[in-house]
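2 protein chains.
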Amino acid sequence: MSDRADTVVVLGLGLIGGSLARALRQAGFCRRLVGYGHREPSLRRGLELGVIDDFTLDLDEAIAAADILVLCTPTLVAAATLEQILLRLEGRADGPVITDAASVKGNLLKAARGACGGAFPPRLVLAHPIAGSERSGVEASDAGLFVNHRVILTPVAGNDPAAVQLVRDMWRSTGADVVEMAVAEHDAVLAATSHLPHLLAYALVDALAQSPASTDIFRFAAGGFRDFTRIASSDPVMWRDIAIANRDALLAATDAFSDHLAQLRRAVADGDGDTLLETFRRAKAARDEFAAMLKERGQTGH
Amino acid sequence: MSDRADTVVVLGLGLIGGSLARALRQAGFCRRLVGYGHREPSLRRGLELGVIDDFTLDLDEAIAAADILVLCTPTLVAAATLEQILLRLEGRADGPVITDAASVKGNLLKAARGACGGAFPPRLVLAHPIAGSERSGVEASDAGLFVNHRVILTPVAGNDPAAVQLVRDMWRSTGADVVEMAVAEHDAVLAATSHLPHLLAYALVDALAQSPASTDIFRFAAGGFRDFTRIASSDPVMWRDIAIANRDALLAATDAFSDHLAQLRRAVADGDGDTLLETFRRAKAARDEFAAMLKERGQTGH
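If you're matching them up, the sequences are chains A and B in order. FYI, this note's numbering numbers position 193 of the first sequence as 193, with every residue one higher than the one before it. FYI, this note's numbering numbers position 81 of the second sequence as 1081, with every residue one higher than the one before it.
This is the structure we're talking about:
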C-alpha cells in the first residue's frame, strides 16, 4: 500500500498503541509514526524498539505533527485527552483526523459533544479494536495483534465521510476485519460479552480469596477455574475505567445476568433437574456455535 | 510395579473411566481390566481400542470379578449404583474394594450409609480425581489425563486402612498427586472452584443467548469471552447431576458470590472507582498467585 497518511501520532504507547504502530509500519500505511504520552521511559523504549520514529511529551506538538491522532490510552484518560484536543482545535476543519481504541464509545461521544458545544466534531471517528492480552506495555506489542480480529467503527451522522474512510483504511491495513455499529449498540454488546465477564471473574476470585478456606480453595482449583478466571489477571486500572465509563450498559447486563443466576439458584434449591438440564443444554449449544464461529474466522475456537 | 490387584472393574467407560483403565494398564497396576455399563457399543469400542480386556452388562458378574470396583458414571448414577452394589454385598467383608471418581462426596456418603443401615462400609473409599475435559466418551480417553493432577481421597473413621492404601496406590500409579480431605471440606472447596464457575458460565451464556441482540453479541465476542465460557461447553447431564448432588454447598457458594457481585454492582452504580480498583487489584493478585502455583505443579498456568 502506498502511504495513505504522512504522520500518525499514537497517544499512549502501550500494548494497543504499540501494536498499532508496529502494524502500520509493517503495512506501509504512513511515512512517520510519532508517540505521545506522559511517561518518557516507555516512549523512549518504543523508539529503541523501532516501534515509533519519534516522540513528544507536548500535546500541542503532537496535534501539529499529526495527520491522524489515535488515542490509545486507558478509557477515562482518553475522554479527558479528547476534550483537551478538541478545545485546542476550537472546531478547526483542517485539524487532524482523530480516532481512538477505547473499549467504551458513549462516554467519548459525550465528552466530544461537551467540548464542541453540543455538536459532534466531523473528523472524529470513534473506533474499538476487539483485541488484547493480559500482558501490557509497549514491550508486549505485536504487529499481528489485530489480524483477523474485529475493529468496530461507530460513525455518527455528523461525520466527514473522508475521515471515516481514512480510519477504516488504517485499521484494514493492520489485517483487521472492520465493521460498523451504532454507539449505544456497541456499548451494550461489549458490556455483555466483555465488561460483565470481567466483573464476574474479578468478583469470583475476590470472593474466594476473602473466604476463610482460601488457601485450600486455590490449592485444589484446576484447569476449568484457570480458564474461567484468566481475565481476572487483566489490568485493574483499565477495567476500573471501563466499568465507570460504561456504567449504564454494564448495570443492565449485570442485572440481566443476576436474574438468570437467581433462576438457576432456585432450580438448584428445588432439586429441579429438568430446568437445570434444559438451561445447561441451551447454553452448551450456544457456546459450541460461538466456538465454531470463532474458529471459522481464524481465531482458536476450542 | 508388580500387580497390586488382579482385576479392576470400571463401571462407566467414559472419559474418566477409560483414562483410568489406560493409565492402570500402562502402569501395570493390575492383571485384568473389565468394563461394566448399560451401553454395549461404548464397552465394545473400549475393547476394540484395547482400553479394557473384557466387559459385562451384568452387575453381579461385575462385582464377582472385581478386586477393585471403580464407579466412573455420572454423579447421580454413581449414587444409585453404589446403593445397588452395597445391597447385593449385604455387608460382606470379603467383597471388593469399592471406590469412585465422582465430583461430589456427601451424597455418596449418605447413599452408602442408607444402604448399610447407618454404618459406613469399611471397604468403600470415596475419591475424586480433579481432571477432565469438555470432551467425553471412551474415544477421548487418555492414559496421561491424571499426571500431575490432584486426586482427593475422603476416607472416614470406619474405613479399612488396607482398602484406603490400595486406592491410594491405584491413583498414584496413574501419576496423580493423592491428597486427603474431609467429605464436607471437599464438597465446599469443589463448589467454590468448580461447581459455581460452571453455574456462572452456563448462566451467562444462556442469558446472552436469550437476549434479543444475541446474534450480534456472539459475533463480537472475543478471546476473553471464549476462555470465560469454555466450561459452558461441558456435558449438561454431568453438571445437572453435580448441581443436584452438591446442593447445599453450591447454594452457599452461589450466595457468597452474589453478595460480592452486589457490592461491585453498587460501586459501578455509584461511580466508586476506588472500591472497583481495590477489588480488581486484590483479585488480580490472587489470580496471579494461583496461576504461578498451577505452573509450579506442572500444569500450564498462564
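Even for Gly, the Cβ is constructed at its ideal location relative to N, Cα and C.
Residues bridged to residue i by DSSP?
i: Pro1129/B; result: Val1151/B
i: Arg32/A; result: Thr7/A
i: Glu1180/B; result: Leu1153/B
i: Ile1085/B; result: None, per the DSSP bridge assignment.
i: Leu1071/B; result: Leu1011/B, Asp1100/B
Under the assumption that residue i contacts residue j (Cβ atoms under 8 Å), give the Cβ distance between them as a whole number of angstroms.
i: Leu1166/B; j: Arg1004/B; result: 7 Å
i: Ser211/A; j: Ala1256/B; result: 7 Å
i: Leu86/A; j: Pro121/A; result: 6 Å
i: Arg150/A; j: Phe1220/B; result: 6 Å
i: Leu1024/B; j: His1038/B; result: 22 Å between Cβ atoms; not a contact.
i: Leu59/A; j: Ala79/A; result: Contact doesn't hold; Cβ gap of about 15 Å is too wide.
i: Leu1250/B; j: Val268/A; result: 6 Å
i: Asp100/A; j: Leu145/A; result: Incorrect: roughly 16 Å between the Cβ atoms, too far for contact.
i: Pro1197/B; j: Phe29/A; result: Wrong, their Cβ atoms sit about 42 Å apart, outside the cutoff.
i: Ala1207/B; j: His195/A; result: At roughly 14 Å, the Cβ-Cβ gap does not stay under 8 Å, so Ala1207/B and His195/A are not in contact.
i: Leu1011/B; j: Val1138/B; result: The pair is not a contact, with the Cβ atoms about 13 Å apart (cut-off 8 Å).
i: Gly953/B; j: Val1183/B; result: With chain B running from 1001 to 1302 in the structure shown, residue 953/B is simply not present.
i: Ala1209/B; j: Ala262/A; result: With 8 Å as the limit, Ala1209/B and Ala262/A do not qualify as a contact, their Cβ atoms being about 17 Å apart.
Could you tell me whether any Cβ in chain A is nearer than 9 Å to the Cβ of residue i?
i: Glu1289/B; result: yes
i: Ile1231/B; result: yes
i: Ala1283/B; result: yes
i: Asp1206/B; result: yes
i: Val1268/B; result: yes
i: Phe1146/B; result: no
i: Thr1056/B; result: no
i: Ile1016/B; result: no
Using the Cα positions of residue i and residue j, report the straight-line distance between them to the nearest angstrom.
i: Asp241/A; j: Leu1153/B; result: 45 Å
i: Ser1173/B; j: Leu1020/B; result: 10 Å
i: Met1238/B; j: Val1077/B; result: 10 Å
i: Gly175/A; j: Ile244/A; result: 31 Å
i: Arg1230/B; j: Ala1201/B; result: 8 Å
i: Val9/A; j: Ile68/A; result: 6 Å
i: Thr1279/B; j: Ala222/A; result: 23 Å
i: Leu264/A; j: Leu277/A; result: 10 Å
i: Ala291/A; j: Asp1094/B; result: 50 Å
i: Val1179/B; j: Ala1203/B; result: 32 Å
i: Trp171/A; j: Asp177/A; result: 8 Å
i: Ser1234/B; j: Asp1248/B; result: 22 Å
i: Pro155/A; j: Val125/A; result: 6 Å
i: Ile16/A; j: Asp1274/B; result: 25 Å
i: Glu185/A; j: Phe1228/B; result: 22 Å
i: Asp1142/B; j: Gln1026/B; result: 11 Å
i: Val1104/B; j: Pro1074/B; result: 10 Å
i: Gly1046/B; j: Arg1032/B; result: 14 Å
i: Ala65/A; j: Arg297/A; result: 37 Å
i: Val34/A; j: Asp53/A; result: 6 Å
i: Ser1133/B; j: Gly271/A; result: 26 Å
i: Glu48/A; j: Asn148/A; result: 28 Å
i: Thr215/A; j: Gly91/A; result: 57 Å
Can you tell me whether residue i is helix, strand or coil according to DSSP?
i: Phe120/A; result: coil
i: Val1156/B; result: coil
i: Phe220/A; result: coil
i: Ala1005/B; result: strand
i: Thr99/A; result: strand
i: Phe1225/B; result: helix
i: Phe1280/B; result: helix
i: Asp1054/B; result: strand
i: Ser194/A; result: helix
i: Leu1145/B; result: coil
i: Asn1246/B; result: coil
i: His1038/B; result: coil
i: Leu261/A; result: helix
i: Ala1093/B; result: coil
i: Lys105/A; result: coil
i: Asp187/A; result: helix
i: Ala291/A; result: helix
i: Gly17/A; result: helix
With 9 Å set as the bound, which would you pick, yes or no: does the beta-carbon of residue i sit closer than that to a beta-carbon of chain B?
i: Gly223/A; result: yes
i: Trp171/A; result: no
i: Arg168/A; result: no
i: Tyr36/A; result: no
i: Phe257/A; result: yes
i: Leu264/A; result: yes
So does residue i have its beta carbon nearer than 8 Å to some heavy atom of the ligand NAD?
i: Leu1049/B; result: Among the components modelled here there is no ligand, and therefore nothing to report on the ligand NAD.
For a cutoff of 9 Å on Cβ pairs, would you count residue i as touching chain E?
i: Asp1142/B; result: The structure shown contains no chain E; its protein chains are A and B.
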